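Q:
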Amino acid sequence: MPKRDSRQYFGRRLAGQRSSPDANCGPVTGRSKRPLLSSAADKGVKLWLLGGQLKLLLPPLLLLCALQTPAVSTEAALKVDLDLTPDSFDDQYQGCSKQVMEELSQGDYFMKEISTHKYYSRAWQKAHLTWLSRDKTIPESMTTTHAVALVVYTLNQNVSSDFAMAMASPVRSPSQYRQSFHFKYLHYYLTSAMQLLRRESSTKNNSLCYKVHHGMKNMKFDVNVGATIRFGQFLSASLLREETRVSGNQTLFTIVTCLGASVQDFCLRKEVLIPPYELFEVTSKSHNPNGDLINLRSAGNLSSYNCQLLKESEVHTSHHTTEDTETEVGGRK
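So this note's numbering is basically just the index in the sequence shown, starting at one, shifted up by 214.
Here's what the structure looks like:
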């Protein structure tokens, strides 16, 4: 399998394999209630969710704990190089988060995304109703859209799988980003939600590093101890090692993440979501009859992209302004 194809396949596997559900999730610890999509950043979702489609929905779904670990497969193990995933879309929105939120709320990005994916609209509707049915609280800095983005990513494997594939495809230019990357809305709100959760955790003097585990079936990884790698995808990892069993053609990652955020209030499992831009050092690697064991330790962060949405918007606006000017000048001749 070509390297790019194996990387995209790896992305799908990262998104599609989650740990078993945990029935002992702790209570939500956020401080304030948030009204239904009250902020300006949520306008695009508000108009859609409060439209006529809402009455056609199924009752609120509480199915997150039903997501089980896939059955053991006899599929041959795929060998994948662990590296810095240079083609991954890894925008951190540093220094532009508010501007990006404003651009998303004023534009039609969300409506374009739900029209691109046949299941996407329903996934957001289900995730929104699921979140509302829990009557939970979130940090004051977060909006309901941040919470729903976390739920839709953990709830719907079609969304997370296609999202991973999109992130694994290189975006060479602002125009390619505009035309080919169809998860602008989800990517921003998922990234921003993680950053805001970490900021909230730091104000409570909670530990900002977590030891977590992620098992992958039918995957073998070529990497040397001492190497620096990153996953290049959003990775859900369990705080409970017993929830990530491996055997045979499988690999268990034990990861110390210092940029991940606890999302158990949103996914009903004791999990931490690791961002695509976090770097890790491979501290050890071993093999036994139960599978490969790889230990990783946080080593900073790395992004090839930043504020890509604003760059695309500026290029797109400039292009149309030039066309309008040329048309106006041409009309005067």
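Heads up, the beta-carbon is just placed ideally off N, CA and C, and yes, glycines get one too.
Keep in mind that this is a model prediction, so the values were computed, not measured.
Could you tell me which residues DSSP pairs with Gln-464 in its beta bridges?
A: Here residue 464 refers to the residue found at position 250 when the sequence shown is read from its first residue. Per DSSP, Lys-431.
Q: Compare the C-alpha of Gly-505 against each of Val-486, Lys-431, Asp-297 and name the closest.
A: For the purposes of this step, residue 505 is taken as residue 291 along the sequence shown, with counting starting at 1. Selected option, being the one with the closest Cα: Lys-431.
Q: Considering only C-alpha positions, which residue in the set Thr-468, Gln-522, Val-437, Phe-395 is nearest to Lys-326?
A: For the purposes of this step, residue 326 is taken as residue 112 along the sequence shown, with counting starting at 1. The option with the nearest alpha carbon to Lys-326 is Phe-395.
Q: Unbroken beta strand (DSSP E) runs of length 3 or more, entirely within the stretch 332-362: which are they?
A: Runs found: none.
Q: Given this structure, state the Cα-to-Cα distance separating Val-362 from Ser-476, to the nearest angstrom.
A: The count along the sequence shown starts at 1 and reaches residue 362 at position 148. The count along the sequence shown starts at 1 and reaches residue 476 at position 262. Using only the alpha carbons, I get a separation of about 15 angstroms.
Q: Do Phe-467 and Asn-509 come within 9 angstroms of each other at the CB atom, strictly closer than that value?
A: To locate residue 509, count along the sequence shown from 1; it is residue 295. To locate residue 467, count along the sequence shown from 1; it is residue 253. Yes, they are a contact pair.
Q: Taking buried to mean at least 16 other C-beta atoms within 10 Å of its own C-beta, is Tyr-402 buried or exposed?
A: Position 188 of the sequence shown, counted from the start, is the residue given in the question as residue 402. Under this definition Tyr-402 is a buried residue.
Q: In or out: Asp-436 buried (at least 16 other Cβ within 10 Å) or exposed?
A: Residue 436 sits at position 222 when you count from the first residue of the sequence shown. With fewer than 16 other Cβ atoms within 10 Å, it is exposed.
Q: Could you please give the first and the last residue of the uninterrupted beta strand (DSSP E) stretch that includes Phe-494?
A: Indexing the sequence shown from 1 puts residue 494 at position 280. It spans 492-502 - the beta strand (DSSP E) in which Phe-494 sits, taken as one unbroken run.
Q: Classify Asn-372 as helix, strand or coil using the three-state DSSP reduction.
A: By 1-based counting over the sequence shown, the position of residue 372 is 158. Looking at Asn-372 - three-state DSSP - the assignment turns out to be helix.
Q: Since Ser-450 is in the beta strand (DSSP E), which residue starts that stretch and which ends it?
A: Stepping through the sequence shown from its first residue, residue 450 is reached at position 236. It spans 449-452 - the beta strand (DSSP E) in which Ser-450 sits, taken as one unbroken run.
Q: Touch check for the stretch 408-416 and the stretch 318-332: three-plus C-beta pairs under 8 angstroms?
A: Segments in contact, no.
Q: May I ask you to list the residues that DSSP assigns as paired with Arg-511?
A: Along the sequence shown, read from residue 1 onward, the residue named residue 511 stands at position 297. Beta-bridge pairing links Arg-511 to Val-470, Glu-495.
Q: Taking a contact to mean a Cβ-Cβ separation below 9 angstroms, would you say Val-365 touches Leu-400 in this structure?
A: As a working mapping, residue 365 is identified with position 151 in the sequence shown. As a working mapping, residue 400 is identified with position 186 in the sequence shown. Result no, Cβ atoms of Val-365 and Leu-400 do not sit closer than 9 angstroms.
Q: Given a threshold of 16 other Cβ atoms within 10 Å of its Cβ, counted over all protein chains shown, does Gly-514 qualify as buried or as exposed?
A: Position 300 of the sequence shown, counted from the start, is the residue given in the question as residue 514. Exposed: under 16 other Cβ atoms inside 10 Å.
Q: Please report how far the alpha carbon of Phe-397 lies from the alpha carbon of Phe-324, in whole angstroms.
A: The residue you call residue 397 lines up with position 183 of the sequence shown. The residue you call residue 324 lines up with position 110 of the sequence shown. When rounded, the distance between both Cα atoms is 9 angstroms.
Q: Hey, would you say His-427 sits closer than 9 angstroms to Leu-453, going by beta carbons?
A: Taking the first residue of the sequence shown as position 1, residue 427 is located at position 213. Taking the first residue of the sequence shown as position 1, residue 453 is located at position 239. Against a cut-off of 9 angstroms, the Cβ pair of Leu-453 and His-427 comes out as a contact.
Q: Which class does Ser-517 belong to by DSSP, given the choice of helix, strand or coil?
A: As a working note, residue 517 is residue 303 in the sequence shown. DSSP places Ser-517 in coil when its eight states are reduced to three.
Q: What number of angstroms, rounded off, separates the C-alpha of Gly-446 from the C-alpha of His-342?
A: Your numbering for residue 446 matches position 232 in the sequence shown. Your numbering for residue 342 matches position 128 in the sequence shown. About 27 angstroms.
Q: Which residues does DSSP pair with Val-294 in a beta bridge?
A: Against the sequence shown, residue 294 aligns to sequence position 80. Paired residue(s): Phe-435.
Q: Tell me whether Lys-425 sits in a helix, a strand or coil according to DSSP, three-state version.
A: By one-based count along the sequence shown, residue 425 stands at place 211. Strand.
Q: Would you kindly work out how many angstroms separate the C-alpha atoms of Val-314 and Thr-497, rounded to a whole number?
A: For this step, residue 314 is matched to residue 100 along the sequence shown. For this step, residue 497 is matched to residue 283 along the sequence shown. Val-314 and Thr-497: Cα-Cα distance of roughly 37 angstroms.
Q: Under the rule that 16 or more other beta-carbon atoms within 10 Å means buried, what is Ser-527, buried or exposed?
A: As a working mapping, residue 527 is identified with position 313 in the sequence shown. Answer is buried; the Cβ neighbour count reaches 16.
Q: Could you pull the DSSP bridge partners for Asp-305 from this structure?
A: Here residue 305 is taken as the residue at index 91 of the sequence shown, counted from 1. Beta-bridge pairing links Asp-305 to no other residue.
Q: Give a yes or no on whether the minimum CB-CB distance between Phe-448 and chain D is below 9 angstroms.
A: Among the protein chains of the structure shown there is no chain D, as only one such chain exists.
Q: So who's on the other strand from Gly-505, going by DSSP bridges?
A: Stepping through the sequence shown from its first residue, residue 505 is reached at position 291. Looking at the DSSP assignment, Gly-505 forms a beta bridge with Asn-502.
Q: Between Ser-416 and Thr-471, how many whole angstroms is the CB-CB distance? I'm expecting something under 8 angstroms.
A: Here residue 416 refers to the residue found at position 202 of the sequence shown. Here residue 471 refers to the residue found at position 257 of the sequence shown. Not a contact, Cβ separation roughly 15 angstroms.
Q: Give the DSSP-derived three-state secondary structure of Ala-441 in the structure shown.
A: By one-based count along the sequence shown, residue 441 stands at place 227. Correct three-state label for Ala-441: coil.
Q: Secondary structure at Leu-482, three-state DSSP: helix, strand or coil?
A: Residue numbering aside, residue 482 sits at position 268 when the sequence shown is read from its first letter. Three-state DSSP puts Leu-482 in coil, outside helix and strand.
Q: Between which two residues does the alpha helix (DSSP H) holding Phe-324 run?
A: As a first step, residue 324 is located in the sequence shown; it is residue number 110 there, counting from the start. Segment 323-330, the alpha helix (DSSP H) holding Phe-324.
Q: What's the gap between the Cα of Tyr-307 and the Cα of Ser-518?
A: Residue mapping note: residue 307 aligns to position 93 of the sequence shown, counting from 1. Residue mapping note: residue 518 aligns to position 304 of the sequence shown, counting from 1. Cα to Cα, Tyr-307 sits roughly 11 angstroms from Ser-518.
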